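*Asks:* Chains as they are written, first to last, in the numbering used here: chain F, 403 to 515; chain R, 562 to 677. The C-beta atom is built at its ideal place from N, Cα and C for all residues, glycine as well. What you are looking at is a predicted structure, and each value in this text was computed from that prediction instead of being measured.
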Amino acid sequence: GDSVTQMEGPVTLSEEAFLTINCTYTATGYPSLFWYVQYPGEGLQLLLKATKADDKGSNKGFEATYRKETTSFHLEKGSVQVSDSAVYFCALKENTGFQKLVFGTGTRLLVSP
Amino acid sequence: GAGVSQSPSNKVTEKGKDVELRCDPISGHTALYWYRQSLGQGLEFLIYFQGNSAPDKSGLPSDRFSAERTGGSVSTLTIQRTQQEDSAVYLCASSIEGTSGRFEQFFGPGTRLTVL
Numbered sequence: 403g404d405s406v407t408q409m410e411g412p413v414t415l416s417e418e419a420f421l422t423i424n425c426t427y428t429a430t431g432y433p434s435l436f437w438y439v440q441y442p443g444e445g446l447q448l449l450l451k452a453t454k455a456d457d458k459g460s461n462k463g464f465e466a467t468y469r470k471e472t473t474s475f476h477l478e479k480g481s482v483q484v485s486d487s488a489v490y491f492c493a494l495k496e497n498t499g500f501q502k503l504v505f506g507t508g509t510r511l512l513v514s515p
Numbered sequence: 562g563a564g565v566s567q568s569p570s571n572k573v574t575e576k577g578k579d580v581e582l583r584c585d586p587i588s589g590h591t592a593l594y595w596y597r598q599s600l601g602q603g604l605e606f607l608i609y610f611q612g613n614s615a616p617d618k619s620g621l622p623s624d625r626f627s628a629e630r631t632g633g634s635v636s637t638l639t640i641q642r643t644q645q646e647d648s649a650v651y652l653c654a655s656s657i658e659g660t661s662g663r664f665e666q667f668f669g670p671g672t673r674l675t676v677l
């Protein structure tokens, strides 16, 4: 079955550091890929998505590129802020009709001033 | 409010008791989903409702779990004879519709269930 693997956390960075959170996937078809973020005490929010190979999703300074050849969708940000501290989930969804979201286990990011 | 709401936010129960978790989706959203977030396990899909169609129950872990959606709006997830392994955060999400796969799922804040 489909699966998502992402790096374990916590990832601890200083403000303005460069962020990479790795995500790789296994899928039978050609899924859409997502990054969700969960801020403390809040619900899960869609951060960005990409629906086909070589697409780049971007939002709030975060970027991720859909790499079919490496089955990856790594999340990057050039300069993190304290307010980026949250748990980040990589997910995929097959594109045929209803398909459940398949999530990774989440990576906690802690940014210190 | 405009978002998905869930109640209660926290629930502590004793092993063997039944619990009910409630989800109010965004008004007008025909698709509703339940997920479970267990420590170290990520989020698992539990069940999906689309309009008046029969729900997709393929993610329910056992027959102790059931869910209903009344009037195409509010949903209740029921866990009977709770076990300690049921302890998790239960998340509800809704979307405009689910069959095309094109619409974003909006998540509620979750209900944290602790089974003692």
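#1: Considering only C-alpha positions, which residue in the set LYS502(F), THR498(F), ASN497(F), GLU496(F) is nearest to SER655(R)?
#2: Taking the beta strand (DSSP E) that LEU638(R) falls in, what are its first and last residues?
#3: Any beta carbon from chain R within less than 8 Å of PHE505(F)'s own beta carbon?
#4: Drop a sphere of 10 angstroms on the beta-carbon of THR472(F), count the other beta-carbons inside from all chains shown, and report buried for 16 or more, exposed for fewer.
#5: Could you name the residues of chain R that LEU448(F) contacts, counting a contact when the two beta carbons are closer than 9 Å?
#6: According to a CB-to-CB cut-off of less than 8 Å, which residues of the region 625-637 of chain R neighbour chain F?
#7: Assuming LYS451(F) contacts LEU435(F) under a Cβ cut-off of 8 Å, what Cβ separation, rounded to an integer in Å, is found between them?
#8: Is GLN602(R) buried or exposed, if buried means 16 or more other CB atoms sit within 10 Å of its CB?
#9: Does DSSP classify GLN666(R) as helix, strand or coil?
#10: Could you pull the start and end residues of the beta strand (DSSP E) that ARG673(R) belongs to?
#11: Can you find the residues in the same chain that come closer than 6 Å, C-beta to C-beta, to GLN641(R), ignoring five residues on each side of it along the sequence?
#12: Please tell me whether GLU417(F) has its Cβ less than 8 Å away from any Cβ of chain R.
#13: How would you write the range of the beta strand (DSSP E) that ASN461(F) sits in, first residue to last?
#14: Ordered along the chain, which non-local residues of its own chain (more than five positions away) have a Cβ less than 6 Å from that of ASN461(F)?
#15: Start and end of the beta strand (DSSP E) containing GLY612(R)?
#16: Taking the beta carbon of PRO515(F) as the centre, do at least 16 other beta carbons fall within 10 Å, making it buried, or is it exposed?
#17: State the Cα-Cα distance for the pair VAL439(F) and THR509(F), rounded to the nearest angstrom.
#18: With three or more beta-carbon pairs closer than 8 Å as the criterion, would you say the region 422-430 of chain F touches the region 642-650 of chain R?
#19: Quick test of the definition: if touching needs 3 or more C-beta pairs under 8 Å, does the region 587-598 of chain R touch the region 606-624 of chain R?
*Replies:* From the atom records:
#1: Translated into the one-based positions of the second sequence, residue 655(R) becomes position 94. Comparing Cα positions, the closest option is LYS502(F).
#2: Reading the second sequence from its first residue, position 77 is the one you call residue 638(R). Looking at the DSSP string, the run of the beta strand (DSSP E) that includes LEU638(R) is 636-640.
#3: In the first sequence, the residue the question calls residue 505(F) occupies position 103. Cβ-Cβ to chain R under 8 Å: yes for PHE505(F).
#4: One-based indexing of the first sequence puts residue 472(F) at position 70. Exposed, since its Cβ has fewer than 16 Cβ neighbours within 10 Å.
#5: Taking the first sequence and counting its residues from 1, the one referred to as residue 448(F) is at position 46. Close to LEU448(F), with beta-carbon spacing below 9 Å, are these residues of chain R in chain order: GLU665, GLN666, PHE667, PHE668.
#6: Cβ contacts with chain F come from no residue of the region 625-637 of chain R.
#7: In the first sequence, the residue the question calls residue 451(F) occupies position 49. In the first sequence, the residue the question calls residue 435(F) occupies position 33. So it is a contact: roughly 7 Å between Cβ atoms.
#8: By 1-based counting over the second sequence, the position of residue 602(R) is 41. By the neighbour-count rule (16 or more Cβ atoms within 10 Å), GLN602(R) is not buried but exposed.
#9: The residue you call residue 666(R) lines up with position 105 of the second sequence. Coil, per DSSP.
#10: Here residue 673(R) refers to the residue found at position 112 when the second sequence is read from its first residue. 672-676 is the span of the beta strand (DSSP E), which, as asked, contains ARG673(R).
#11: Numbered from 1 along the second sequence, position 80 holds the residue referred to as residue 641(R). Counting only Cβ-Cβ distances below 6 Å, and skipping sequence neighbours, we find ASP579, ARG625.
#12: As a first step, residue 417(F) is located in the first sequence; it is residue number 15 there, counting from the start. It does not; no Cβ of chain R falls within 8 Å.
#13: Start at 1 with the first residue of the first sequence, and residue 461(F) comes out as number 59. Where ASN461(F) is concerned, the enclosing beta strand (DSSP E) stretches over 458-461.
#14: As a working mapping, residue 461(F) is identified with position 59 in the first sequence. LEU449, LEU450, listed in sequence order.
#15: Here the question's residue 612(R) lines up with position 51 in the second sequence. Segment: none, GLY612(R) is in no beta strand (DSSP E) and carries neither H nor E.
#16: The residue you call residue 515(F) lines up with position 113 of the first sequence. Classification of PRO515(F): exposed, given that the 10 Å Cβ count is below 16.
#17: Sequence index remark: in the first sequence, residue 439(F) carries index 37 (1-based). Sequence index remark: in the first sequence, residue 509(F) carries index 107 (1-based). Whole-angstrom Cα-Cα distance: 10 Å.
#18: no
#19: yes
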